[in-house]
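Positions in the sequence shown are counted from 1; adding 47 to them yields our numbering.
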Amino acid sequence: METQQDPMKDDLPLMANTSYMLVKHYVLDLDVDFKSKVIGGVIVLFFETGSQYRKTSSTGKEVCQSQVDETCKMRASEPCHVPATNASACSSKKEYKDFTAYGKGEEDTSDRNGNHSNKEQTSGISSSEDCCDTENPENKDFLLVLDCCDLAVLKVEEVDVAAVSGIEKLTRLAKPNDVSKELENLRNRIVHELVTLPADRWKEQLYYFTCCSQAPGCGDLLFTTGPWSLEIRKSGIQTPADFPHAIRIWYKTKPEGRSVIWTTDQSGRPCVYTIGSPINNRALFPCQEPPVALSTWQASVRTAADFVVLMSGENSAEPVQLQEGILSWYYYVTMPMPASTFTIAVGCWQEVKQQSSTAPVQTNIEFSLPYSDDDFRCAHVEYPCRFQNPAARLQAVIPYRVFAPWCLMEHCKEHLLQLIPQCLSAAYTTLGTHPFSRLDVLIVPSNFSSLGMASPHIIFLSQSVLPGGTHLCGTRLCHEIAHGWFGLAIGACDWTEEWISEGFATFLEDIFWARAQQLSHDEVKEQQELKALLRWQRLRDEVQNSEEELQVLRPKKESTGELSESGASLVKYGLKAEKSFMQVHYLKGYFLLRSLARTVGEDSYLVCLRKFVHKFHGQLVLSQDFLRMLLEDIPEQKKSGLTVESILQNWLDTSGIPKPLLEEGETWKECRLVLQVSGEVTKWIQTNQRIRKSSKKKRKQDEVVFQKQVLIHDG
């Protein structure tokens, strides 16, 4: 069982032992039931052994960097992202058929805590002593730990991938004649061959993942669930290398699960969507949550025919009717990303389409690459990356769709549709190749707690950005589009460094939006100075009204990225309720990047950003990775005392407002727009005061008249 966490620390445990086994691909087969508010079905996980992740170090930097390097080497293949590609291209016969047989008729033997009632199976794994410990010479069964919360797990079994017809041809391996240790080794070798197929065979890889996910089981596995984890073992198996590398799990979500929201949309129709909560997707499916667990996935989702299923997927799914009133939707992703980025939304959404008479938006496809075609090579392991695809590198506007409840469709037509291509084009002219091949934008229900959320291939927007007109809608859209590069294509090695995502997105939203509006240089400067002042005031208020420990952008400091030997870790303050309402990572991160841009010069700074994107896309990074690259490209800045250490000390590792920012605060008040806004504010304050004085005087006069009338009446 897992080590009990101290609830007073408010730290989020990442329990998965990714250093021993690493998920490379998920196959989900799910049913969405709005009556019971449950998503249930089957998930098949394909693993690689993680012995290469067992490097340890006394400093978090070295540990994390070694993991970044190894992760880069282990990245799986990404397809060419051709929008027309779909699952039917893999085979002439019917593929990706629904797995309705899985999980049907299974009795839910779990109790309210998600623990199954088969005591004979769980008796052998009642404590952490049963876990394989590399420091313990005694023979113990290896224990696979997955992140899991608020799930009812019904059954776990090993999958006989060797039973798939033709799999030997794929892997160049021959099936043994007898059921023995040799057959067990063969299954794991098949999975290894499958997850490491060359990039140009990605369609074939998806096809065999599907076939293997439908293969028969070859033995139940022992399991138990705790508050934060699912622990699985196979009797007699003592090492990760010998543990089954393909397992199937039957499970159900719970209505109160913290990864999904069951609600109604603005038109009163039922819907469900995932949220960017602190616990991410572990209450949606058993997974490995640490950022280092980069994986691909595919999913078949069934629901009533009235509903539309939107999901993180490279394909624009078209539903298939399975039976009367039931549709199945299939999505896949082949760019490895953390499981926390998986997103799904099911509701009676309507696609908002542009009227045929509307003139097409002109987009600028000119982009100056920070490298020559001959010199550029991706830093990650070989896969058909969009950054290496000549057609993708010239695609200023990727294909996009907009979905909303029917009552908000006119608002979306009025504001949103025309903004998307402008914002996408502006992002392209700033950073270059779009990391993802398509984009869906969904107006989520009114109980959505943020203005927006970005996930691979899909953006959630709050309805509150629509009445705000072009400016509010455009700036929020630019912010979420920026996450395609910073937060998704480039991820933080440690979740506590969320400023790497939010700070960059906040900084870039201003640049994107200015270019989308095609503002002049002076207009851009004035608009950005005004925004800087507003953000400064917001940051000052937040710093004055929050705990100091929550104001630090790198709360783990020198231990950032450090993991236990198994790969488990804690997200510092990950469960602290106050943190979810704070914007310090957005604001301090923005001001740090703004300060660096002003010091280096914006043109040189943007060139460095583009180089950073092209060097580190598809990887996990630390703050130092960006800072070192910036200072190496601008070596003259070292003369001014600007070093990685000084930036960490002044901006990332301390609470409060950074000293360099305090000195800059007064300069914004001289901006023309700021003076204009200040003048308007002063005018309306004075007007309001006059009105209040006039109203007070009139009330006194009315009271005198009333009193006289009362006296006359009484007399």
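All residues carry an ideal CB built from backbone N, CA and C; glycine is no exception.
Being a predicted model, the structure only gives us computed values, none of them experimental.
For Asp700 and Leu581, what's the separation of their Cα atoms in angstroms?
Position 653 of the sequence shown, counted from the first residue, corresponds to residue 700. Position 534 of the sequence shown, counted from the first residue, corresponds to residue 581. One C-alpha to the other measures close to 24 Å.
DSSP three-state label for Gln733, please.
By 1-based counting over the sequence shown, the position of residue 733 is 686. Correct three-state label for Gln733: helix.
From Arg645, His632 and Glu371, pick the residue whose C-alpha is nearest to that of Gln766; which is it?
The shown model of the chain, from 48 to 762, leaves out residue 766, and the question about it has no answer.
Assuming Ala624 is part of the beta strand (DSSP E), what are its boundary residues?
As a position in the sequence shown, residue 624 is number 577, starting the count at 1. From DSSP, Ala624 is part of no beta strand (DSSP E); its letter is neither H nor E.
Would you be able to state if there are at least three C-beta pairs under 8 Å between the segment 362-369 and the segment 74-94?
With a cut-off of 8 Å, the segment 362-369 and the segment 74-94 do not count as touching, because too few Cβ pairs lie within range.
Mind checking whether Pro503 and Phe533 have CB atoms under 7 Å apart?
On the sequence shown, position 456 is the one that residue 503 refers to. On the sequence shown, position 486 is the one that residue 533 refers to. Taking 7 Å as the cut-off, the Cβ atoms of Pro503 and Phe533 do not count as close.
Using only the alpha-carbon positions, how far apart do Glu274 and Leu610 sit?
Here residue 274 refers to the residue found at position 227 of the sequence shown. Here residue 610 refers to the residue found at position 563 of the sequence shown. Note on residue identity: the sequence assigns Pro, not Glu, to residue 274. Here the C-alpha atom of Pro274 lies approximately 21 Å from the C-alpha atom of Leu610.
Reference Leu667; option with closest CA among Asp247, Leu455 and Ala426
The residue given as residue 667 occupies position 620 in the sequence shown. Of all alpha-carbon atoms in Asp247, Leu455 and Ala426, the one lying nearest the alpha-carbon of Leu667 is that of Ala426.
Give a yes or no on contact between the segment 60-71 and the segment 186-197, applying the rule of three or more CB pairs nearer than 8 Å.
Contact between the segment 60-71 and the segment 186-197 is present, because at least three Cβ pairs lie under 8 Å.
Integer Cβ distance of Ser347 from Tyr377, believed to fall under 8 Å
In the sequence shown, counting from the first residue as 1, residue 347 sits at position 300. In the sequence shown, counting from the first residue as 1, residue 377 sits at position 330. The beta-carbon separation of Ser347 and Tyr377, rounded to 5 Å, stays under the 8 Å limit for a contact.
Given a threshold of 16 other Cβ atoms within 10 Å of its Cβ, counted over all protein chains shown, does Trp731 qualify as buried or as exposed?
As a first step, residue 731 must be located in the sequence shown, where it is residue number 684. Counting Cβ neighbours within 10 Å, Trp731 comes out exposed, since fewer than 16 surround it.
Taking one C-beta from the segment 506-520 and one from the segment 458-466 each time, how about it: are there three or more such pairs within less than 8 Å?
Counting Cβ pairs under 8 Å, three or more are found: they touch.
Tell me which same chain residues have a C-beta within less than 8 Å of the C-beta of Thr729, skipping the five on either side of it?
Counted from its first residue, the sequence shown places residue 729 at position 682. Once the five neighbours on either side are set aside, Thr729 has no close Cβ partner at all.
Could you please give the first and the last residue of the uninterrupted beta strand (DSSP E) stretch that includes Asp267?
In the sequence shown, residue 267 corresponds to position 220, counting from 1. Run containing Asp267: Gly264 to Asp267, per the beta strand (DSSP E) assignment.
Whole beta strand (DSSP E) elements within the segment 356-394, 3-residue minimum:
Entirely contained in the segment 356-394, the beta strand (DSSP E) runs reaching 3 residues are, in chain order, 367-370, 373-385 and 391-394.
Check Trp249 in the structure and name its three-state DSSP category.
As a first step, residue 249 must be located in the sequence shown, where it is residue number 202. It is helical.
How about the segment 549-556 and the segment 630-640: do they share at least three Cβ pairs that are nearer than 8 Å?
Counting C-beta pairs closer than 8 Å gives three or more between the segment 549-556 and the segment 630-640, which meets the contact rule.
Specify the secondary structure class of Leu190 as computed by DSSP and reduced to three states.
Taking the first residue of the sequence shown as 1, we reach residue 190 at position 143. Look at Leu190 here: in three-state DSSP terms it is strand.
Measuring only the C-alpha atoms, how far is Thr243 from Glu95?
Within the sequence shown, the letter at position 196 stands for residue 243. Within the sequence shown, the letter at position 48 stands for residue 95. Distance between the alpha carbons of Thr243 and Glu95: 10 Å.
If I measure Cβ to Cβ from Glu527 and keep anything under 6 Å in the same chain, skipping five residues before and after, which residues do I get?
Looking up residue 527 in the sequence shown gives position 480. The answer, listed in chain order, is Gly499, Ala501 and Ile506.
Nonlocal neighbours in the same chain, by C-beta distance under 7 Å from Val599, ignoring five residues either side
Residue numbering aside, residue 599 sits at position 552 when the sequence shown is read from its first letter. Within the same chain, Val599 has close Cβ partners Asp700, Thr701 and Ser702.
For Trp453, name the three-state secondary structure that DSSP assigns.
Mapped onto the sequence shown, residue 453 falls at position 406. When DSSP states are grouped into helix, strand and coil, Trp453 belongs to the helix group.
Determine, using beta carbons only, whether Val206 and Arg295 come nearer to each other than 7 Å.
Taking the first residue of the sequence shown as position 1, residue 206 is located at position 159. Taking the first residue of the sequence shown as position 1, residue 295 is located at position 248. Between Val206 and Arg295, the CB-CB gap stays under 7 Å.
Quick check on this structure: which residue in Arg305, Leu241, Gln564 and Glu589 has the alpha carbon closest to the alpha carbon of Val208?
For this step, residue 208 is matched to residue 161 along the sequence shown. Among Arg305, Leu241, Gln564 and Glu589, the Cα nearest to that of Val208 belongs to Leu241.
When you compare the CB positions of Phe519 and Cys470, do they come within less than 7 Å of one another, or not?
Numbered from its first residue, the sequence shown carries residue 519 at position 472. Numbered from its first residue, the sequence shown carries residue 470 at position 423. A small fix is needed here, since residue 519 is Leu in this sequence, not Phe. No.
Counting only the same chain and skipping the five closest in sequence on each side, list residues whose C-beta sits under 7 Å from that of Val571.
The residue labelled residue 571 in the question sits at position 524 within the sequence shown. If you ignore the 5 residues before and after Val571, its C-beta comes within less than 7 Å of the C-beta of Ala561, all in its own chain and listed in chain order.
Is there contact here, the segment 280-296 with the segment 368-375, by at least three beta-carbon pairs under 8 Å?
Flag = no, the segment 280-296 and the segment 368-375 do not touch.
Please classify Cys540: does DSSP put it in a helix, a strand, or coil?
Translated into positions along the sequence shown, residue 540 becomes position 493. Secondary structure at Cys540: coil, using DSSP grouped into helix, strand and coil.
At which residues does the beta strand (DSSP E) containing Met68 begin and terminate?
Your numbering for residue 68 matches position 21 in the sequence shown. Note, Met68: beta strand (DSSP E), Met68 to Asp80.
Does the Cβ-Cβ distance between Ala199 and Lys71 come in under 7 Å?
Here residue 199 refers to the residue found at position 152 of the sequence shown. Here residue 71 refers to the residue found at position 24 of the sequence shown. Contact: no.
Start-end ranges of the alpha helix (DSSP H) lying completely within the segment 644-669, minimum 4 residues
Counting whole runs of 4 or more residues, the segment 644-669 contains the alpha helix (DSSP H) stretches 649-663.
Could you tell me the alpha carbon to alpha carbon distance between His661 and Ala439, rounded to whole angstroms?
Walking along the sequence shown from the start, residue 661 turns up at place 614. Walking along the sequence shown from the start, residue 439 turns up at place 392. Just so you know, the alpha carbons of His661 and Ala439 end up roughly 14 Å apart.
Any C-beta of chain C under 7 Å from that of Asp76:
Annotation note: the requested chain C is absent from the structure, which comprises a single protein chain.
Burial state of Lys228 (16 or more Cβ within 10 Å):
One-based indexing of the sequence shown puts residue 228 at position 181. Around the beta-carbon of Lys228, fewer than 16 other beta-carbon atoms lie within 10 Å, marking it exposed.
Between the C-alpha atoms of Gln401 and Phe256, what's the straight-line distance to the nearest angstrom?
As a working note, residue 401 is residue 354 in the sequence shown. As a working note, residue 256 is residue 209 in the sequence shown. Looking at the backbone, the Cα of Gln401 and that of Phe256 are separated by about 37 Å.
Can you tell me the Cβ-Cβ gap for Leu489 and Phe450, rounded? I've got them flagged as a contact below 8 Å.
In the sequence shown, counting from the first residue as 1, residue 489 sits at position 442. In the sequence shown, counting from the first residue as 1, residue 450 sits at position 403. With a Cβ gap of about 5 Å, Leu489 and Phe450 count as contacting.
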